[in-house]
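K.L.:
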Amino acid sequence: MGAAAQPAAVSDQRHGLRGAGHEQARRPVCGRTVVTQRESVSVVIPTIGRPSLRGAVESALQQTSPPMEVIVVLDADCEPSLPDSAIIQVLPTPGGVGPSRAKQLGVEVARGNVIALLDDDDVWHPDKLATQLAAVPQRDEWIISSRFAVHIAGQKPVIGPRTPIGPHEPIAPYLFELRERQAFNMVQTSTLVFPRALAEAVPLSVAAGSVHDDPKWLIEVRRRFPDIPIIQVGRPLVDIVWTAASLSRSGTDRSAELIDWGIAELADESRRVRGDYLLTSPVGSALGAGSLRGVARSVVAAIRHGRPGPLAWASAVKSTLRLGWGRMSSLVIRSR
Numbered sequence: 045m046g047a048a049a050q051p052a053a054v055s056d057q058r059h060g061l062r063g064a065g066h067e068q069a070r071r072p073v074c075g076r077t078v079v080t081q082r083e084s085v086s087v088v089i090p091t092i093g094r095p096s097l098r099g100a101v102e103s104a105l106q107q108t109s110p111p112m113e114v115i116v117v118l119d120a121d122c123e124p125s126l127p128d129s130a131i132i133q134v135l136p137t138p139g140g141v142g143p144s145r146a147k148q149l150g151v152e153v154a155r156g157n158v159i160a161l162l163d164d165d166d167v168w169h170p171d172k173l174a175t176q177l178a179a180v181p182q183r184d185e186w187i188i189s190s191r192f193a194v195h196i197a198g199q200k201p202v203i204g205p206r207t208p209i210g211p212h213e214p215i216a217p218y219l220f221e222l223r224e225r226q227a228f229n230m231v232q233t234s235t236l237v238f239p240r241a242l243a244e245a246v247p248l249s250v251a252a253g254s255v256h257d258d259p260k261w262l263i264e265v266r267r268r269f270p271d272i273p274i275i276q277v278g279r280p281l282v283d284i285v286w287t288a289a290s291l292s293r294s295g296t297d298r299s300a301e302l303i304d305w306g307i308a309e310l311a312d313e314s315r316r317v318r319g320d321y322l323l324t325s326p327v328g329s330a331l332g333a334g335s336l337r338g339v340a341r342s343v344v345a346a347i348r349h350g351r352p353g354p355l356a357w358a359s360a361v362k363s364t365l366r367l368g369w370g371r372m373s374s375l376v377i378r379s380r
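Start counting the sequence shown at 45; every next residue gets the next number (my numbering).
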């Protein structure tokens, strides 16, 4: 990572960074700021109106520590199915602004001093907010995440990440360096809770158009605030349901775009980090589209711009052989 900017003071004259919004009270104890009332939370859900939205919203409404409001940012021309609740606010976008801008639009209208993000196809556990708010440190800038459970039909749920990120661990190596199989090293969107003022200092829209919006935002936050802790609660607090549709590839080879992202955004990282990234994300996109040319492009980029580790090489070779075998089998079947 490049030279990080010095931390800037993040302040919020209306609500502060911690506490209970308009009625927040603070008192000094042993040189620290102690919050005497709980945080006021605005839940922000970007959506294109998928059927799963209702379940996501219900999980936010059923929290043991209820949010102040649930902001549904509607990035499509449709009428979403929503529960009946006075704290739900539907915020239409101009249409097609994408998830990063949609999330930032939600932040801009939020009244709470804490933002909790939720994807429209994920579900929170009932004590998710209460557990995370209890982990908030005594400082102004922080990000709280958690582990999650991935549900695939017919399979046992998988808990990720296998190893949570350390509070001050460098972000890009954690996310992109392939250290173990099925590590699920993610700081997943629906687990993120942070002060609203943080998203005002480093807007979520900074990642607009990026192929990796949340990693891009996290990297930018750490550049702006080098000492900010990312605290990943050890319990899984979010259910992620992967359906056949979510597991299937788009059929579009985006390897060139992913390669460009890795070279530009990971320029200050180690050659191992760049190499592992270039041999996984772009290769995965190329394989999903059945493009051996895209795989070759990605391998060349990984060698030229990085030094991939053994697990990254093993993953790329295994996946490529699987694609090649599938194509050969198809040719044999057609020739019969």
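Ideal Cβ placement from N, Cα and C applies to all residues, glycine included.
For residue 241 and residue 248, I'd like the C-alpha separation in whole angstroms.
P.N.:
On the sequence shown, residue 241 is found 197 positions in, with the first residue counted as 1. On the sequence shown, residue 248 is found 204 positions in, with the first residue counted as 1. Answer to the nearest angstrom: the Cα atoms are 11 Å apart.
K.L.:
In this structure, does DSSP put residue 118 in helix, strand or coil?
P.N.:
What you label residue 118 is simply residue 74 of the sequence shown in a count that begins at 1. Reduced to three states, the DSSP call for residue 118 is strand.
K.L.:
Would residue 86 pass as a contact of residue 178 if the rule is Cβ separation under 7 Å?
P.N.:
By one-based count along the sequence shown, residue 86 stands at place 42. By one-based count along the sequence shown, residue 178 stands at place 134. For residue 86 and residue 178, no; Cβs fall outside 7 Å.
K.L.:
DSSP on residue 195, reduced to helix/strand/coil?
P.N.:
Residue mapping note: residue 195 aligns to position 151 of the sequence shown, counting from 1. Strand.
K.L.:
Given this structure, state the Cα-to-Cα distance separating residue 219 from residue 259, to the nearest angstrom.
P.N.:
For this step, residue 219 is matched to residue 175 along the sequence shown. For this step, residue 259 is matched to residue 215 along the sequence shown. Cα to Cα, residue 219 sits roughly 8 Å from residue 259.
K.L.:
Check residue 239 in the structure and name its three-state DSSP category.
P.N.:
Taking the sequence shown and counting its residues from 1, one reaches residue 239 at position 195. Reduced to three states, the DSSP call for residue 239 is strand.
K.L.:
Name the one or two DSSP bridge partners that residue 160 has.
P.N.:
As a first step, residue 160 is located in the sequence shown; it is residue number 116 there, counting from the start. Beta-bridge pairing links residue 160 to 87 and 237.
K.L.:
Going by C-alpha to C-alpha distance, which of 298, 253, 300 and 172 sits closest to residue 107?
P.N.:
For the purposes of this step, residue 107 is identified with residue 63 of the sequence shown, where counting begins at 1. Taking only the C-alpha atoms, the option nearest residue 107 is 172.
K.L.:
Could you round the C-beta distance between residue 327 and residue 317 to whole angstroms and report it? I think they count as a contact, below 8 Å.
P.N.:
For this step, residue 327 is matched to residue 283 along the sequence shown. For this step, residue 317 is matched to residue 273 along the sequence shown. Not really, about 16 Å apart at Cβ, beyond 8 Å.
K.L.:
Please give the ranges of any alpha helix (DSSP H) in the stretch 307-372, keeping only runs that are unbroken, at least 4 residues long and fully inside the region.
P.N.:
DSSP runs (the alpha helix (DSSP H)) wholly in the stretch 307-372: 315-322, 325-332 and 336-349.
K.L.:
Mind checking whether residue 359 and residue 331 have CB atoms under 7 Å apart?
P.N.:
Locating residue 359 in the sequence shown gives position 315, counting from the first residue. Locating residue 331 in the sequence shown gives position 287, counting from the first residue. No; because the gap between Cβ atoms is not below 7 Å, this pair is not in contact.
K.L.:
Taking DSSP as the reference, what is the three-state secondary structure of residue 109?
P.N.:
Mapped onto the sequence shown, residue 109 falls at position 65. Coil.
K.L.:
Could you check the C-alpha separation between residue 164 and residue 365 for me, to the nearest Å?
P.N.:
For the purposes of this step, residue 164 is identified with residue 120 of the sequence shown, where counting begins at 1. For the purposes of this step, residue 365 is identified with residue 321 of the sequence shown, where counting begins at 1. Roughly 35 Å between the two C-alpha positions.
K.L.:
Where does residue 176 land, buried or exposed, given buried means 16+ other C-beta within 10 angstroms?
P.N.:
Numbered from its first residue, the sequence shown carries residue 176 at position 132. Buried, by the Cβ-count rule.
K.L.:
If you compare alpha carbons, which of 348, 186, 114 and 319 is closest to residue 217?
P.N.:
In the sequence shown, the residue the question calls residue 217 occupies position 173. When each option's Cα is compared against that of residue 217, the closest is 319.
K.L.:
Can you grab the Cα-Cα spacing for the pair residue 125 / residue 189, in whole Å?
P.N.:
By 1-based counting over the sequence shown, the position of residue 125 is 81. By 1-based counting over the sequence shown, the position of residue 189 is 145. The straight-line gap from Cα to Cα measures roughly 28 Å.
K.L.:
Could you say which of 127, 120, 152 and 160 lies nearest to residue 142 if we only look at CA atoms?
P.N.:
Within the sequence shown, the letter at position 98 stands for residue 142. Among 127, 120, 152 and 160, the Cα nearest to that of residue 142 belongs to 120.
K.L.:
Any idea if residue 210 is buried or exposed, counting beta-carbon neighbours within 10 angstroms, 16 or more meaning buried?
P.N.:
Position 166 of the sequence shown, counting from 1, holds the residue named residue 210. Exposed, since its Cβ has fewer than 16 Cβ neighbours within 10 Å.
K.L.:
Among the residues of its own chain, which have a CB less than 6 Å from the CB of residue 93, if the five just before and after it don't count?
P.N.:
By 1-based counting over the sequence shown, the position of residue 93 is 49. Around residue 93: 120, 122 and 124.
K.L.:
If you run the structure through DSSP and keep just helix, strand and coil, what is residue 250?
P.N.:
Within the sequence shown, residue 250 is the residue found at index 206, counting from 1. Note: residue 250 maps to helix in three-state DSSP.
K.L.:
Are the Cβ atoms of residue 206 and residue 193 separated by less than 7 Å?
P.N.:
Position 162 of the sequence shown, counting from 1, holds the residue named residue 206. Position 149 of the sequence shown, counting from 1, holds the residue named residue 193. No.
K.L.:
Report the rounded CA-to-CA distance for residue 263 versus residue 197, giving the unit in angstroms.
P.N.:
Working through the sequence shown from its first residue, we reach residue 263 at position 219. Working through the sequence shown from its first residue, we reach residue 197 at position 153. Answer to the nearest angstrom: the Cα atoms are 33 Å apart.
K.L.:
For the candidate residues 270, 96, 273 and 350, whose alpha-carbon lies nearest to that of residue 127?
P.N.:
Locating residue 127 in the sequence shown gives position 83, where the first residue counts as 1. Comparing Cα-Cα distances from residue 127 to each of 270, 96, 273 and 350, the minimum goes to 96.
K.L.:
Residues in the same chain with beta-carbon distance under 7 Å from residue 203, minus the five sequence neighbours each way, listed in chain order, please.
P.N.:
Position 159 of the sequence shown, counted from the start, is the residue given in the question as residue 203. Taken in chain order, the residues that qualify are 191, 193 and 280.
K.L.:
Specify the secondary structure class of residue 205 as computed by DSSP and reduced to three states.
P.N.:
The residue labelled residue 205 in the question sits at position 161 within the sequence shown. The answer is coil: DSSP assigns residue 205 none of H, G, I, E or B.
K.L.:
With distance defined between alpha-carbon atoms, name the residue in 110, 168, 229 and 152 nearest to residue 130.
P.N.:
On the sequence shown, residue 130 is found 86 positions in, with the first residue counted as 1. Residue 110 is the option with its Cα nearest to residue 130.
K.L.:
Could you check whether residue 246 and residue 265 sit closer than 7 Å to each other, using their CB atoms as the reference points?
P.N.:
For the purposes of this step, residue 265 is identified with residue 221 of the sequence shown, where counting begins at 1. For the purposes of this step, residue 246 is identified with residue 202 of the sequence shown, where counting begins at 1. Yes, the pair counts as a contact, with Cβ atoms nearer than the cut-off.
K.L.:
Suppose the cutoff is 6 Å on Cβ atoms and the five residues either side in sequence are ignored; what does the same chain contact list for residue 169 look like?
P.N.:
One-based indexing of the sequence shown puts residue 169 at position 125. Contacts found: 281.
K.L.:
With H, G and I counted as helix, E and B as strand and the rest as coil, what does DSSP make of residue 281?
P.N.:
As a first step, residue 281 must be located in the sequence shown, where it is residue number 237. The answer is strand: DSSP assigns residue 281 an E or B state.
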